[in-house]
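What follows is a set of notes on a single structure, which appears directly below.
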Amino acid sequence: MTEIPKAYEPRESEQKWYSFWSSHGYFKPGGEGPKYTITIPPPNVTGSLHIGHALCYSIHDVLVRWKRMQGFDTLCVPGMDHAGIATQNVVEKQLRKEGVSRHDLGREKFLERTWQFVNEYGGVIIGQLQKLGCSFDWDRTRFTLDEGYVDAVLECFVRWWEEDLIYKGARVINWCPRCLTAISDIEVEHEDRPAKLYHIRYPLKDGSGYVVVATTRPETMLGDTAVAANPEDERYKALFGAVLTLPLAGREIPLIADDYARPEFGSGAVKVTPSHDLNDFEAGLRHNLPQINVIDGSGRMTEAAGARYAGLDRYEARTKVVEDLQAQSLIEKIEDYTVPTALCARCGTVIEPLLSEQWFVRMKELAKPAIDAVKGGRVKFVPERYERTYLDWMENIRDWTISRQLWWGHRIPVWVTEDGDYIVARDEAEALEKAKGRPITQDEDVLDTWFSSMLWPFAVLGWPKQTEDLEKYYPTSVLITARDIIYLWVSRMIFSGIYFNQEVPFDDVYIYATVLDEQGKRMSKSLGTGIDPLEIIDLYGADALRFALLVRAARGQDIRFSYVENGRQKQVEEARNFANKIWNASRFVLMNLGEGVSKTEANWVPSDRLADRWILAELNATIDQVTRALEEYKLNEVAQTLYHFFWDDFCDWYIELSKSLVTSPEDTEEARAARGRIAYVLETSLRLLHPLMPYLTEEIWQRLPHEGESIMVASWPAPDESQNDEQAREQMQTLIALITKVRNIRSEMNIPASSRLSLHLGTQDTSARSLIDENSDQIKRLARVGEITVSDRLSARKGEARDIVYGIEISVPLEGLIDIGKERERIGKELGKKENEARGLAARLDNDSFRERAPQEVVQQARQRHDELIAEIEKLRVTLSSLGDE
RNA sequence: GGGCGGUUAGCUCAGCGGUAGAGCAUCGGUCUUACAAACCGGGGGUCACUGGUUCGAGCCCAGUACCGCCCACCA
Numbered sequence: 001m002t003e004i005p006k007a008y009e010p011r012e013s014e015q016k017w018y019s020f021w022s023s024h025g026y027f028k029p030g031g032e033g034p035k036y037t038i039t040i041p042p043p044n045v046t047g048s049l050h051i052g053h054a055l056c057y058s059i060h061d062v063l064v065r066w067k068r069m070q071g072f073d074t075l076c077v078p079g080m081d082h083a084g085i086a087t088q089n090v091v092e093k094q095l096r097k098e099g100v101s102r103h104d105l106g107r108e109k110f111l112e113r114t115w116q117f118v119n120e121y122g123g124v125i126i127g128q129l130q131k132l133g134c135s136f137d138w139d140r141t142r143f144t145l146d147e148g149y150v151d152a153v154l155e156c157f158v159r160w161w162e163e164d165l166i167y168k169g170a171r172v173i174n175w176c177p178r179c180l181t182a183i184s185d186i187e188v189e190h191e192d193r194p195a196k197l198y199h200i201r202y203p204l205k206d207g208s209g210y211v212v213v214a215t216t217r218p219e220t221m222l223g224d225t226a227v228a229a230n231p232e233d234e235r236y237k238a239l240f241g242a243v244l245t246l247p248l249a250g251r252e253i254p255l256i257a258d259d260y261a262r263p264e265f266g267s268g269a270v271k272v273t274p275s276h277d278l279n280d281f282e283a284g285l286r287h288n289l290p291q292i293n294v295i296d297g298s299g300r301m302t303e304a305a306g307a308r309y310a311g312l313d314r315y316e317a318r319t320k321v322v323e324d325l326q327a328q329s330l331i332e333k334i335e336d337y338t339v340p341t342a343l344c345a346r347c348g349t350v351i352e353p354l355l356s357e358q359w360f361v362r363m364k365e366l367a368k369p370a371i372d373a374v375k376g377g378r379v380k381f382v383p384e385r386y387e388r389t390y391l392d393w394m395e396n397i398r399d400w401t402i403s404r405q406l407w408w409g410h411r412i413p414v415w416v417t418e419d420g421d422y423i424v425a426r427d428e429a430e431a432l433e434k435a436k437g438r439p440i441t442q443d444e445d446v447l448d449t450w451f452s453s454m455l456w457p458f459a460v461l462g463w464p465k466q467t468e469d470l471e472k473y474y475p476t477s478v479l480i481t482a483r484d485i486i487y488l489w490v491s492r493m494i495f496s497g498i499y500f501n502q503e504v505p506f507d508d509v510y511i512y513a514t515v516l517d518e519q520g521k522r523m524s525k526s527l528g529t530g531i532d533p534l535e536i537i538d539l540y541g542a543d544a545l546r547f548a549l550l551v552r553a554a555r556g557q558d559i560r561f562s563y564v565e566n567g568r569q570k571q572v573e574e575a576r577n578f579a580n581k582i583w584n585a586s587r588f589v590l591m592n593l594g595e596g597v598s599k600t601e602a603n604w605v606p607s608d609r610l611a612d613r614w615i616l617a618e619l620n621a622t623i624d625q626v627t628r629a630l631e632e633y634k635l636n637e638v639a640q641t642l643y644h645f646f647w648d649d650f651c652d653w654y655i656e657l658s659k660s661l662v663t664s665p666e667d668t669e670e671a672r673a674a675r676g677r678i679a680y681v682l683e684t685s686l687r688l689l690h691p692l693m694p695y696l697t698e699e700i701w702q703r704l705p706h707e708g709e710s711i712m713v714a715s716w717p718a719p720d721e722s723q724n725d726e727q728a729r730e731q732m733q734t735l736i737a738l739i740t741k742v743r744n745i746r747s748e749m750n751i752p753a754s755s756r757l758s759l760h761l762g763t764q765d766t767s768a769r770s771l772i773d774e775n776s777d778q779i780k781r782l783a784r785v786g787e788i789t790v791s792d793r794l795s796a797r798k799g800e801a802r803d804i805v806y807g808i809e810i811s812v813p814l815e816g817l818i819d820i821g822k823e824r825e826r827i828g829k830e831l832g833k834k835e836n837e838a839r840g841l842a843a844r845l846d847n848d849s850f851r852e853r854a855p856q857e858v859v860q861q862a863r864q865r866h867d868e869l870i871a872e873i874e875k876l877r878v879t880l881s882s883l884g885d886e
């Protein structure tokens, strides 16, 4: 017999099997069945694995392994995202440490440097995913900036330009003065911050008084080109058209009527700064107002702000403007105020709304079919509630700012001629040709990262080329992602997928849980609250980490995960213990199987034994339940069901009930059959567990009699209705209850495990009698009793502990061991429980409406249970009173 | 300002119409020939609050309170 270590040692096993799988090509597609495709959310090249990723990709791997075992032609495409701003920021930070800026290097050199960084550090996460056990097709790994991907982005840009879905325009956009680029609306975060509300007097030119405006940003007044009040506002009706003198600047500006001014706010008059506020910008367009930029891209005041302020930082300027106004008694009051402040999602800098020329995608037209696709059920969100989230966003969508003033990314394929014509082309040669000899220069900007990642599900399959992969594997089956990128990414994949392929990019969108720390806050590396998955894998194994996460992955519910105590991660420890349990149960089976057992010998030999019929029925129910739960993305249910089946049913009962047969030293046919059955149940369980715990299950499976090269490509168990056996389940329930009661008596009476007791049972029920007869050896073993006698009913005797379960009377003679006080207490407690339950049932049964309105089945059940209880109570009372006689 | 989640045993969470479950922790016992990372047994919950629907409600409806997310151009 081969030596098997007492505890599962993940490290060696993981390495061994991952390279085994890889070298056998199991990660590649190839099943006989229909296709099943997933393209993973490409992690940022700058990233390293955190717990959220571990969850995300574990879910991917579970689904992919499961479908592969079911025989689907299964493909999971991995890859990485070039992550424009994020990556550029990281590289710039490195440069800063060296004392240089990207401008010192110049564009070419900077890009070289960034590629160098990407080649060196990027892909760290890929290696980490492999450690996790992910069975993705690494040969198909893609990068959103690789050669073919560039073609996809060009194709998209050119076609949208030709369809007039892309335009350039001057707009007030969100500008990050630190990243020095425009960012889209969704890349802005809002945070309430304490601030001041300044009430400023704007004098009327004719000297007849002033109008008070309120603002949180006094420095922008230098760019005011009007003051607006609501047309319905009685206070201003007579003044519309009047001219005001803008303080400090001395410019003359009109008082205009526009209903975006809210009469109830402050004085009802609002300053209008078209260059630095989106509302004001739009009001400016309505009234043909001039636009004056007083703040530049780095957050400093421009020349247009006046010589006194030019060059000042926007906050310094604010202080100075307020001082100057105060000096002229033009500040009416300053109040404390809370303002929703816009911040750059990348770096946290306060956003500056800035008037600038940018490229936009016209969204209305693109959104329409993407809305219909979801409404029509062609894309299904799981959990369903996110459908609403998506639709609300899409139905109120605004045009998308796609140009970024960065260097790292897809350069915008637009060239400008000297006379200002835009030429959109796939490359410079084509642009030159189109320019017909006019000199041209390429637009400096790059595209928003999401402009490229929105093409992911089809670009990774080869689009815009009509490749075999695209033909075969698109659309994909499911997208598994986090909820915070529903707008940024999911929505955009849907509308671009439909636009370019006339088909939705995926059937389902599964939004997985957010992993939180013990405070219920989002885990974040930067806040130091992150846990390194590799550390956990090192300590407990990849399977344990996967299981710990998956068992908590209820659809869409957040997971709180950093319960660490004395350097131990309790949640993973629990999963590791389960892995070890599986290991040891397998060890038991293997130790008894003997050498050279063939697959056929380890098969299910039909049996009339209760335990056999029962475990087969339970196994079958488990297969059914687990498969169903997988179909519904209820991964926690999958994990919990398997945990319960394996530990409670298989280990605690089936193995124990089969032990004497299985370990029998004689090599009888009966014993061999029993060994075959136990191996069969184990092998089937391993296949069910494999998607969750790939390494452990492979390690054991390879040692068991099996067919095929790897559990990875073994078949997924199918439920078999003929194996349902209600009778076996009921009888087993009785047997378990009986054994538990005897153990209970032992424990409460402090009977040492070593002392063999006798057991008297009383029942008139013939089926209960035969249940006891047929399983008397098991009862003796598991309840640790020597002799069992069965009679019609038991009469009270002295020195015995009594109980009753499912109508079977139990008596354990204790001779001198009994403690009457304890026994009285124990029976009293039992009696109390039963009386309580009986009372509740009686109350329901007495209720006319219950008997009339509740389903007959429920009433019937209640009545039966009630009658059973009454009989049991009766007998316990007799016992109790006989104790009282002592 | 709108929308969405959550509130169940000391902790982390399942359960979502038939009268409460798991793991950990805790208490007592056990080296019972796979496993002390284990085994056996016990204790512990007015299922946030208030109303309502129902024969029956953690479970459905309405509202309240805290906690957490998302969206929003309120100067």
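Reminder that position 32 of the first sequence reads as 32 in our numbering, one-by-one numbering, no gaps.
The C-beta atom is built at its ideal place from N, Cα and C for all residues, glycine as well.
The alpha-carbon separation between SER882 and PRO719 amounts to approximately 52 Å.
Across the structure, ALA871 and LEU782 are spaced so that their CA atoms are roughly 27 Å apart. Non-local C-beta neighbours of SER13 in its own chain, meaning closer than 6 Å and more than five positions away in sequence, comprise TYR695 and GLU699, ordered along the chain. With contacts defined as CB atoms closer than 8 Å, ILE615 and TYR654 qualify as a contacting pair. Distances from the alpha-carbon of LEU165 to those of ASP558, GLY594, SER496 and GLU683 put SER496 closest. ILE331 is positioned such that its CB atom lies closer than 8 Å to that of TYR198. CA-CA distance, PRO194 to ALA214, rounds to 16 Å.
A direct Cα-Cα distance of roughly 19 Å separates VAL790 from VAL878. Taking 8 Å as the cut-off, the beta carbon of ASP443 is found no closer than this to the beta carbon of ILE397. When PHE506, TRP456, ASP61 and ASP81 are compared, the shortest CA-CA separation from ARG378 is found for PHE506. If you look at LYS833, you'll find it in the alpha helix (DSSP H) that goes 820–846. About 7 Å separates the Cβ atoms of MET80 and GLY123, confirming a contact at the 8 Å cut-off. Our two residues, ALA542 and SER685, have alpha carbons roughly 19 Å apart in a direct line.
Taking the CA atoms as reference points, ALA283 sits about 10 Å from ILE256.
Cβ neighbours of GLN640 within its own chain (closer than 8 Å, five residues either side excluded): VAL551. Inter-segment contact for the region 795–804 and the region 854–868 is absent: fewer than three beta-carbon pairs are separated by less than 8 Å. Contact between VAL597 and PRO705 holds, since their C-beta atoms are separated by about 5 Å, short of 8 Å.
Between the alpha carbons of PHE561 and HIS50 lies a gap of roughly 12 Å.
In the structure shown, VAL90 falls within a helical segment according to DSSP collapsed to helix, strand and coil. Contact annotation: VAL294 and LEU222 have beta-carbon atoms nearer than 8 Å. Put simply, the region 484–492 touches the region 449–461. At least three CB pairs are less than 8 Å apart.
In this structure, the alpha-carbon of ALA345 lies about 15 Å from that of GLN88. ALA214 sits in a strand when the DSSP states are folded into three classes.
In the assembly as shown, PHE27 is a buried residue. Its beta-carbon has 16 or more other beta-carbons within 10 Å. When DSSP reads this structure, ASP259 sits in no beta bridge, so it has no partner.
The beta carbons of ARG546 and SER58 sit closer together than 8 Å. Around the C-beta of PRO439, fewer than 16 other C-beta atoms lie within 10 Å, and the residue is accordingly described as exposed. The residues GLY31, GLU32 and GLY33, in chain order, have a CB closer than 6 Å to that of GLY71 in the same chain once the five nearest residues on each side in sequence are set aside. When C-beta atoms of the region 667–685 are compared with those of the region 628–639, fewer than three pairs fall below 8 Å, so the two segments do not count as touching. Closest by C-alpha distance to GLY708, out of PRO177, LYS741, LYS599 and ASN636, is LYS599.
Rounded to whole angstroms, the gap between the alpha carbons of LEU661 and ASN620 is 23 Å. TRP400 sits in a strand when the DSSP states are folded into three classes. For the region 96–163, there is no continuous beta strand (DSSP E) assignment of 3+ residues that stays within its boundaries. Judged by DSSP secondary structure, GLN727 falls within the alpha helix (DSSP H) whose first and last residues are 726–748.
The criterion of a C-beta distance shorter than 8 Å is not satisfied by HIS53 and ILE40.
Within a 10 Å sphere around the beta-carbon of GLY268 sit 16 or more other beta-carbons, which makes this residue buried.
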